[in-house]
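Asks:
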Amino acid sequence: MYRILFSIGSFSIYSYGVMLALAFMVGIFLAMQEAKKNGEDPERILDLSLYVILGALIGGRLGYILLYLDYYLKNPVRILYFRQGGLSFFGGFFIAYILCWWYIKISKISFWKYADIVAPSIAIGLVIGRIGCFLNGCCYGLVSEKYGLSFPALNMPPVYLQQLKDGLIVSGSSSTLPVIPTQLYSSLYNFLIFFILLWIKKHKKYNGSVFLSFLILYSISRFTIEFFRFSESNKILNYFTIAQIICLVVIFCSLIYMNILKKRKQN
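First residue of the sequence shown: 1030, per my numbering; consecutive thereafter.
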């Protein structure tokens, strides 16, 4: 809705970039507080956060580019336009996961304990991040006259450009056709997940349960949201998006890990 917050000369400050930075700051702060409660060094969280930010930005951008490869092959310079949005959660998550796993291994600290510490922070970060998506006009839903919201043409948000490309609106239109605000639904989902994780944390019986619960809960919410979210990419079996297939794989792997960790704790 408000893609550009303000401009300094020719340099524009995008709401997406501001919300993304806020998401990281809030997430890091909460994780540091949680580390203190668990008797861990909060400085470890700062070290981990560097790998998380690096992995999230690089992996998230690469994942998004792969989803819209044709567009970026024609407009390669736009690959560097981070401030204007365009990050894939799963792409960023996997690269950040690998980097953090490497750091934890060389530091000889408990991976699953630290994963539980940061899990609620990831959820609250997604709450803020998806609001950034809404302000930016990306990650939007399908056209819906009954349940949708229209985005103004101001600063040409992604949803406006896509509808121009698809011929749904004409050049000069003041706003888009109404689309389902899947960004806000996703934000609310993650807010709920955050509180569920806090409850699970109080009753957890083994390290890793909070983090794996987050992966399952997030994947379920994302799988559901995908049915209402606009996607240009081809669907698998003409029904499921790539993100939904990834969600199913994540859920399956998380359940397996839960069983392994539970048996390891019992033994």
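For every residue, glycine included, the Cβ atom is placed at its ideal position computed from N, Cα and C.
Since the model is a prediction, treat every value here as computed from it, not as a measurement.
On the DSSP letters alone, give me the boundaries of the alpha helix (DSSP H) that Phe1240 sits inside.
Replies: Position 211 of the sequence shown, counted from the first residue, corresponds to residue 1240. That run of the alpha helix (DSSP H) goes 1238-1254.
Asks: Need the endpoints of the beta strand (DSSP E) that Tyr1037 sits in, please.
Replies: By 1-based counting over the sequence shown, the position of residue 1037 is 8. The amino acid at residue 1037 is misidentified as Tyr; the sequence shows Ile. 1033-1037 is the span of the beta strand (DSSP E), which, as asked, contains Ile1037.
Asks: In whole angstroms, what separates the C-alpha of Glu1072 from that of Trp1130?
Replies: In the sequence shown, the residue the question calls residue 1072 occupies position 43. In the sequence shown, the residue the question calls residue 1130 occupies position 101. Taking the straight line joining both Cα atoms gives about 17 angstroms.
Asks: I need the DSSP call for Leu1213, collapsed to helix, strand or coil.
Replies: For this step, residue 1213 is matched to residue 184 along the sequence shown. Reduced to three states, the DSSP call for Leu1213 is helix.
Asks: Are Ile1146 and Asn1219 closer than 8 angstroms when you measure CB to CB?
Replies: As a position in the sequence shown, residue 1146 is number 117, starting the count at 1. As a position in the sequence shown, residue 1219 is number 190, starting the count at 1. Contact: no.
Asks: In three-state terms, what does DSSP make of Val1147?
Replies: Residue numbering aside, residue 1147 sits at position 118 when the sequence shown is read from its first letter. The answer is helix: DSSP assigns Val1147 an H, G or I state.
Asks: Between the C-alpha atoms of Met1048 and Tyr1093, what's the straight-line distance to the nearest angstrom?
Replies: Here residue 1048 refers to the residue found at position 19 when the sequence shown is read from its first residue. Here residue 1093 refers to the residue found at position 64 when the sequence shown is read from its first residue. Cα to Cα, Met1048 sits roughly 18 angstroms from Tyr1093.
Asks: I need the straight-line Cα distance from Gly1265 to Phe1223, nearest angstrom please.
Replies: Within the sequence shown, residue 1265 is the residue found at index 236, counting from 1. Within the sequence shown, residue 1223 is the residue found at index 194, counting from 1. As written in the sequence, residue 1265 is Ile, which differs from the Gly given in the question. Cα-Cα distance, rounded: 31 angstroms.
Asks: State the Cα-Cα distance for the pair Tyr1132 and Ala1085, rounded to the nearest angstrom.
Replies: Counted from its first residue, the sequence shown places residue 1132 at position 103. Counted from its first residue, the sequence shown places residue 1085 at position 56. Going by the C-alpha atoms only, they are around 15 angstroms apart.
Asks: With DSSP as the reference, identify every bridge partner of Phe1329, one or two as the case may be.
Replies: Any question about residue 1329 goes unanswered here, given that the chain covers just 1030 to 1296.
Asks: Is Ser1204 helix, strand or coil when you go by DSSP?
Replies: Here residue 1204 is taken as the residue at index 175 of the sequence shown, counted from 1. Strand, per DSSP.
Asks: Can you give me the C-alpha to C-alpha distance between Met1030 and Gly1170, rounded to a whole angstrom?
Replies: Mapped onto the sequence shown, residue 1030 falls at position 1. Mapped onto the sequence shown, residue 1170 falls at position 141. Going by the C-alpha atoms only, they are around 14 angstroms apart.
Asks: Give the DSSP-derived three-state secondary structure of Leu1183 in the structure shown.
Replies: For the purposes of this step, residue 1183 is identified with residue 154 of the sequence shown, where counting begins at 1. Looking at Leu1183 - three-state DSSP - the assignment turns out to be coil, as it is neither helix nor strand.
Asks: Here's a check: name, in chain order, each residue in its chain whose Cβ is nearer than 6 angstroms to the Cβ of Pro1187, leaving out the five neighbours to either side.
Replies: Taking the sequence shown and counting its residues from 1, one reaches residue 1187 at position 158. Contacts found: Gly1166, Cys1167.
Asks: Grab me the residues of Thr1270's own chain with a C-beta within less than 7 angstroms of its C-beta, minus the 5 sequence neighbours each way, in chain order.
Replies: On the sequence shown, position 241 is the one that residue 1270 refers to. Excluding sequence neighbours, Thr1270 sits near Glu1255, Ser1260, Ser1262, Lys1264.
Asks: Return the first residue and the last residue of the alpha helix (DSSP H) that Met1197 is part of.
Replies: Taking the sequence shown and counting its residues from 1, one reaches residue 1197 at position 168. It is worth fixing the name first, because residue 1197 is Leu in this sequence and not Met. Looking at the DSSP string, Leu1197 is not in any alpha helix (DSSP H), and its letter there is neither H nor E.
Asks: What does a CB cutoff of less than 7 angstroms around Cys1276 pick up in its chain, not counting 5 residues either side in sequence?
Replies: Sequence index remark: in the sequence shown, residue 1276 carries index 247 (1-based). Excluding positions up to five away in sequence, the list reads Ser1248, Arg1251, Phe1252.
Asks: Which of the three DSSP states, helix, strand or coil, is assigned to Gly1170?
Replies: Reading the sequence shown from its first residue, position 141 is the one you call residue 1170. Residue state, collapsed to three classes: strand.
Asks: Taking Leu1128 as part of the alpha helix (DSSP H), name the residues at either end of that continuous run.
Replies: As a first step, residue 1128 must be located in the sequence shown, where it is residue number 99. Taken as a continuous stretch (DSSP letters only), the alpha helix (DSSP H) holding Leu1128 covers 1118-1136.
Asks: Does the distance from the C-beta atom of Ser1136 to that of Ala1060 stay below 8 angstroms?
Replies: Locating residue 1136 in the sequence shown gives position 107, counting from the first residue. Locating residue 1060 in the sequence shown gives position 31, counting from the first residue. Taking 8 angstroms as the Cβ cut-off, Ser1136 and Ala1060 do not qualify as a contacting pair.
Asks: With DSSP as the reference, please indicate the residues paired to Ile1265 in a beta bridge.
Replies: The sequence position of residue 1265 within the sequence shown is 236, counting from 1. Paired residues: Phe1269.
Asks: In chain order, what residues of the same chain have a beta carbon less than 8 angstroms from the beta carbon of Ile1274, not counting five sequence neighbours either side?
Replies: For the purposes of this step, residue 1274 is identified with residue 245 of the sequence shown, where counting begins at 1. Hits under 8 angstroms: Ile1265.
Asks: For the region 1190-1205 and the region 1225-1234, state whether three or more C-beta atom pairs, one from each stretch, are separated by less than 8 angstroms.
Replies: The region 1190-1205, when compared against the region 1225-1234, does not touch it at the 8 angstroms Cβ threshold.
Asks: Give the single residue among Leu1098, Ile1087, Met1054 whose Cα lies nearest to the Cα of Leu1075.
Replies: Your numbering for residue 1075 matches position 46 in the sequence shown. It is Met1054 whose Cα lies nearest to the Cα of Leu1075.
Asks: Look at the Cβ atom of Val1279, then the Cβ atom of Ser1216, and state whether they are nearer than 8 angstroms.
Replies: Walking along the sequence shown from the start, residue 1279 turns up at place 250. Walking along the sequence shown from the start, residue 1216 turns up at place 187. Their beta carbons are not under 8 angstroms apart, which means Val1279 does not touch Ser1216 by this criterion.
Asks: On the DSSP bridge list, what partners appear for Arg1258?
Replies: Position 229 of the sequence shown, counted from the start, is the residue given in the question as residue 1258. Per DSSP, Gly1170.
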